[in-house]
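Note that the sequence shown covers residues 16 to 318 in this note's numbering.
Glycine included, each C-beta is placed from N, C-alpha and C at the ideal position.
What follows is a short report on a single structure.
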Amino acid sequence: MALKKIILVLTFLFLAYANLIAAENKKASVPEVSKDAKESAQQVGDFTLSGSGDKGKKTWDLAGKSADIYNDVVKLKKVVGNNYGDKDSINLTADNGNFNKTSGVVHLEDNVVITTSSGIKLTTDSLDWDRKQQIVSTLDKINLDRSDMNLSGQGAKGQTGLKQVVLQKDVRLDIKPKDLQDNKKERIIITCDGPLDVDYEKNIAVFNNNVKVEKSDLTIYSDKMQVYFSPKQEAEKQDQGSQVLSSSINKIIALGNVRILRGENISYSQEAIYTALDKKMILTGRPQIIIYQTENMNAAFGN
């Protein structure tokens with residue numbers, strides 16, 4: 016009889032322990048679901064958010080066709096944003112976006128487009144817009160278009176108004192005149208491994224590492240290159256005093272292991288300065304020029 020009682024007690028304890036373990040396992044398997052349930056989104060349509068400066072003037076706004084509002088983030092569909100500067104403003108659009116309530120950073124994805132009032136258009140697959148720091152950045156491939164210029168590269172970071180931009184790698188600048196029949200202008204292609212620093216206000220672009228310039232009459236190779244553009248006034252589109260980068264090149268300074276090809280002739284130097292106005296090239300740093308003779312040259316020398 017005592018043995019039966021002991022067996023019954025042990026059986027009861029075993030079943031109680033098994034039920035306790037099962038309950039703990041069930042509890043442990045659903046904590047994230049329970050947390051998400053508590054943070055379930057509030058869904059709204061035509062979401063709009065904006066901010067103002069010290070004087071009450073609106074400095075930015077953000078809108079979406081629909082929004083899922085969570086504790087820390089707002090997930091948006093069909094995003095439209097604007098940043099209003101003193102002279103320039105930008106418009107941002109994307110298919111999807113996340114607005115971080117804590118940091119204020121807007122992450123945009125899918126068909127991201129930035130358009131500036133100065134005529135620059137940026138397209139990429141994803142982009143972070145930091146309103147507080149006034150910075151936009153991406154790790155994806157980007158394209159920058161303006162008038163008759165196209166700039167592309169992998170990864171970029173710049174000011175919100177795109178006045179200063181750094182492209183990280185695989186850089187290509189394609190300058191093509193609007194009128195291909197205009198003999199005064201010609202197509203120019205500049206490539207480099209990167210990075211590339213562009214300052215639209217100072218009208219300068221600095222290419223780094225394995226730089227190559229291709230024109231119809233010459234090709235230039237160097238380690239680094241500074242390209243100076245002519246400032247172009249667009250009074251109809253901008254406030255007075257505002258400028259954008261022109262496609263016309265004023266000067267090119269090639270630095271480090273410079274090699275210049277003109278037809279079959281080759282020049283070597285450590286520095287070369289090319290001025291577009293007079294199409295003059297100045298070589299410094301142990302310049303060396305190799306000229307391949309032609310029949311006309313032989314005739315000129317009486318050979």
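Considering T138, what are the terminal residues of the beta strand (DSSP E) in which it resides? One-based indexing of the sequence shown puts residue 138 at position 123. Segment K136 to D145, the beta strand (DSSP E) holding T138.
Limits of the beta strand (DSSP E) - the one that L123 falls within: Within the sequence shown, residue 123 is the residue found at index 108, counting from 1. First-last of the beta strand (DSSP E) with L123: V120 to T131.
Which residues bound the beta strand (DSSP E) around Y289? Position 274 of the sequence shown holds residue 289. N280 to T290 is the span of the beta strand (DSSP E), which, as asked, contains Y289.
Taking 7 Å as the cut-off, is the beta-carbon of R202 closer than that to any non-hydrogen atom of the ligand GTP? You won't find the ligand GTP in this model; it holds no ligand whatsoever.
Round the Cβ separation of V127 and D140 to the nearest angstrom and send it over; I've been treating them as touching at under 8 Å. Indexing the sequence shown from 1 puts residue 127 at position 112. Indexing the sequence shown from 1 puts residue 140 at position 125. Contact flag correct, Cβ pair sits at about 7 Å.
May I ask which residues mark the beginning and end of the beta strand (DSSP E) holding K80? For this step, residue 80 is matched to residue 65 along the sequence shown. Taken as a continuous stretch (DSSP letters only), the beta strand (DSSP E) holding K80 covers K73 to I84.
Which residues does DSSP pair with N113 in a beta bridge? In the sequence shown, counting from the first residue as 1, residue 113 sits at position 98. Paired residue(s): K90 and H122.
Helix, strand or coil for T175? Go by DSSP, reduced to three states. As a first step, residue 175 must be located in the sequence shown, where it is residue number 160. Residue state, collapsed to three classes: coil.
Can you tell me whether I150 is helix, strand or coil according to DSSP? What you label residue 150 is simply residue 135 of the sequence shown in a count that begins at 1. I150: strand per DSSP, three-state reduction.
Taking its Cβ as the centre, do 16 or more other Cβ atoms sit within 10 Å of N98, making it buried, or is it exposed? In the sequence shown, counting from the first residue as 1, residue 98 sits at position 83. Classification of N98: buried, given that the 10 Å Cβ count is 16 or more.
Quick one: residues in its chain with C-beta nearer than 6 Å to the C-beta of G66, no 5 flanking neighbours on either side, listed in chain order? Here residue 66 is taken as the residue at index 51 of the sequence shown, counted from 1. The residues are T74 and W75.
Collapsed DSSP secondary structure at R202 in the structure displayed: Within the sequence shown, the letter at position 187 stands for residue 202. Coil.
Which stretch, first to last residue, makes up the beta strand (DSSP E) that contains I219? For this step, residue 219 is matched to residue 204 along the sequence shown. Start and end: I219 to E229.
Starting from G66, trace the beta strand (DSSP E) in both directions and tell me its first and last residue. Against the sequence shown, residue 66 aligns to sequence position 51. Looking at the DSSP string, the run of the beta strand (DSSP E) that includes G66 is Q57 to S67.
Same chain only: Cβ atoms within 6 Å of G170, ignoring 5 sequence neighbours per side: The residue given as residue 170 occupies position 155 in the sequence shown. Same-chain partners within the cutoff: L154 and Q183.
Whole-Å CB distance - G271 paired with S245, under 8 Å assumed: Start at 1 with the first residue of the sequence shown, and residue 271 comes out as number 256. Start at 1 with the first residue of the sequence shown, and residue 245 comes out as number 230. Rounded, the Cβ-Cβ distance is 25 Å, inconsistent with contact.
As assigned by DSSP and simplified to three states, the class of D214: Start at 1 with the first residue of the sequence shown, and residue 214 comes out as number 199. Strand.
When DSSP labels each residue in this structure, what does G170 get in the three-state scheme? As a working note, residue 170 is residue 155 in the sequence shown. Three-state DSSP puts G170 in a strand.
Assuming I3 and L233 make a contact with CB atoms under 8 Å, what is their CB distance in whole Å? As shown, the chain starts at 16 and ends at 318. That puts residue 3 outside it, with no answer to give.
Give the secondary structure of I157 by DSSP, where H, G and I count as helix, E and B as strand, and everything else as coil. In the sequence shown, the residue the question calls residue 157 occupies position 142. Three-state DSSP puts I157 in a strand.
Given K90, which residues of its chain have a CB within under 7 Å of its CB, disregarding the five upstream and five downstream residues? Working through the sequence shown from its first residue, we reach residue 90 at position 75. Excluding positions up to five away in sequence, the list reads A82, D83 and N113.
Give me the Cα-Cα distance between S71 and L276, rounded to the nearest whole angstrom. As a first step, residue 71 must be located in the sequence shown, where it is residue number 56. As a first step, residue 276 must be located in the sequence shown, where it is residue number 261. According to the sequence provided, residue 71 is Gly. The question's Ser does not apply to it. Each residue's alpha carbon lies about 58 Å from the other.
Hey, how far is the Cα of D185 from the Cα of L159? Here residue 185 is taken as the residue at index 170 of the sequence shown, counted from 1. Here residue 159 is taken as the residue at index 144 of the sequence shown, counted from 1. Roughly 14 Å between the two C-alpha positions.
CB-CB under 6 Å to L211, same chain, minus the five flanking residues each way: which ones, in chain order? Residue 211 sits at position 196 when you count from the first residue of the sequence shown. These residues qualify, in order along the chain: L182, V186 and F222.
Burial state of D103, where buried means 16 or more other Cβ atoms lie within 10 Å: Taking the first residue of the sequence shown as position 1, residue 103 is located at position 88. Per the 10 Å Cβ criterion, buried.
Indicate the three-state DSSP secondary structure (helix, strand or coil) for K294 in the structure shown. For the purposes of this step, residue 294 is identified with residue 279 of the sequence shown, where counting begins at 1. K294 falls in the coil class under three-state DSSP.
Below 8 Å on the Cβ atoms is my contact criterion, and I expect Q241 with I268 to pass it. Report the Cβ-Cβ distance as a whole number of Å. The sequence position of residue 241 within the sequence shown is 226, counting from 1. The sequence position of residue 268 within the sequence shown is 253, counting from 1. Right, their Cβ atoms sit about 4 Å apart.
Report all residues from its chain with a CB closer than 8 Å to the CB of D87; omit the five preceding and five following residues, and keep chain order. Residue mapping note: residue 87 aligns to position 72 of the sequence shown, counting from 1. Cβ within range, chain order: N115, K116 and T117.
How many angstroms separate the CA atom of K53 from the CA atom of L107? The residue given as residue 53 occupies position 38 in the sequence shown. The residue given as residue 107 occupies position 92 in the sequence shown. No answer about K53 holds up, because its pLDDT of 45 lies below 50 and its placement is not dependable.
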